[in-house]
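Visitor: Once you've had a glance at the structure underneath, I'll fire off some questions.
Numbering (our numbering), first residue to last: 82 to 334.
Here you go:
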């Protein structure tokens with residue numbers, strides 16, 4: 082997405098502070114791209130910090146690591162999903178109340194000191210480590226990635242840890258470590274390991290439970306299908322003709 086100076090995404094004229102900081106963001110991204118072109122730091126993180134922005138500029142497609150710190154003005158922070166981003170660190174974005182879908186290749190996510198954050202729309206399937214610290218207005222999490230092995234929640238409003246997504250066919254999920262603030266509750270059983278640390282030692286039971294639920298659904302669907310097939314056979318034209326010959330009133334059936 083190209084910047085359109087000095088207008089925001091809705092076509093409204095931007096204040097001078099927005100324009101200046103969008104220009105700084107563009108320059109930071111241009112300098113990052115220049116370093117990539119000369120091979121000075123292929124895996125250097127892209128850092129956007131201390132900026133007043135109306136929206137988050139689209140990060141370069143070949144960016145592997147991004148630090149977004151001290152951003153003011155962005156209410157919903159969204160990311161492209163066709164890039165190479167594998168590590169995402171969001172800090173002190175005090176006006177952001179929503180973070181969009183986490184890019185599909187991110188394996189390590191850290192969100193810290195986002196005081197206004199109320200919602201994360203969705204995690205991807207591959208994120209192995211999720212750290213959320215000092216986000217008191219975040220009350221719930223979307224379903225966790227099936228590959229998540231490390232979850233740290235400190236000073237958040239989250240009281241229930243959702244289960245990891247249970248994909249089909251039958252999953253083989255690794256054990257997950259969870260570190261939380263005091264008073265947290267769990268939707269799935271965890272075993273304490275230390276003061277505020279827990280190990281998910283019931284993954285097999287959790288998987289077996291979901292497999293049983295799916296098996297019951299399949300049985301019900303199969304039962305409905307059999308009933309439909311029997312009903313279709315019962316009203317076969319040859320059988321109806323025999324009923325008529327024996328004086329059975331078909332309309333009353």
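Just so it is clear, CB atoms sit at the ideal spot from N, CA and C, and this is done for glycine as well.
Could you work out which residue in 262, 93, 131 and 181 is closest to residue 172 when comparing CA atoms only?
Guide: 131
Visitor: Looking only at its own chain, which residues have a Cβ that is under 8 Å from the Cβ of residue 217, when we skip the five neighbours before and after it?
Guide: 196, 236, 237 and 238
Visitor: Short check: CB of residue 192 to CB of residue 186, under 9 Å?
Guide: Cβ distance not < 9 Å, so residue 192 and residue 186 don't count as in contact.
Visitor: Excluding sequence positions up to five away, which residues of its chain have a Cβ less than 6 Å from the Cβ of residue 255?
Guide: 230
Visitor: How would you call residue 154, buried or exposed, if buried means at least 16 neighbouring beta carbons within 10 angstroms?
Guide: buried
Visitor: Quick one: what does DSSP say residue 95 is sitting in, helix, strand or coil?
Guide: coil
Visitor: Could you check whether residue 224 and residue 245 sit closer than 9 Å to each other, using their CB atoms as the reference points?
Guide: yes
Visitor: Straight-line CA distance for residue 175 to residue 240?
Guide: The alpha-carbon of residue 175 is positioned some 22 Å away from that of residue 240.
Visitor: At least one CB of chain D closer than 9 Å to the CB of residue 298: is that the case?
Guide: Structure shown: chain D not included; a single protein chain is present.
Visitor: Report yes if the C-beta distance between residue 125 and residue 117 is below 9 Å; otherwise report no.
Guide: yes
Visitor: Less than 9 Å between the C-beta atoms of residue 203 and residue 233, yes or no?
Guide: no
Visitor: Could you check whether residue 258 and residue 277 sit closer than 9 Å to each other, using their CB atoms as the reference points?
Guide: No, the pair does not count as a contact, with Cβ atoms beyond the cut-off.
Visitor: With distances taken Cα to Cα, identify the nearest neighbour of residue 206 among 167, 151 and 271.
Guide: 167
Visitor: Is residue 140 near residue 127, with beta carbons less than 9 Å apart?
Guide: yes
Visitor: Where does residue 147 land, buried or exposed, given buried means 16+ other C-beta within 10 angstroms?
Guide: buried
Visitor: For my contact list, residue 152 and residue 169 are in at a C-beta cut-off of 8 Å; report their separation, rounded to the angstrom.
Guide: Residue 152 to residue 169, Cβ: 13 Å. No contact.
Visitor: Got a sec, what are the start and stop residues for the beta strand (DSSP E) residue 148 sits in?
Guide: 146–150
Visitor: Span of the beta strand (DSSP E) holding residue 168?
Guide: Where residue 168 is concerned, the enclosing beta strand (DSSP E) starts and stops at 168–172.
Visitor: Compare the C-alpha of residue 227 against each of 264, 208 and 134 and name the closest.
Guide: 208
Visitor: For residue 298, does the count of other Cβ atoms within 10 angstroms reach 16, so buried, or fall short, so exposed?
Guide: Looking at its Cβ environment, which holds fewer than 16 other Cβ atoms inside 10 Å, residue 298 is exposed.
Visitor: Starting from residue 216, follow the beta strand (DSSP E) in both directions and report where the run begins and ends.
Guide: 210–216
Visitor: Would you check if the distance between the CB atom of residue 222 and the CB atom of residue 243 is smaller than 9 Å?
Guide: yes
Visitor: Could you tell me if residue 190 is buried or exposed, where buried requires 16 or more neighbouring beta carbons within 10 angstroms of its beta carbon?
Guide: buried
Visitor: Figure out for me which residue from 163, 162, 150 and 188 has the closest Cα to the Cα of residue 177.
Guide: 150
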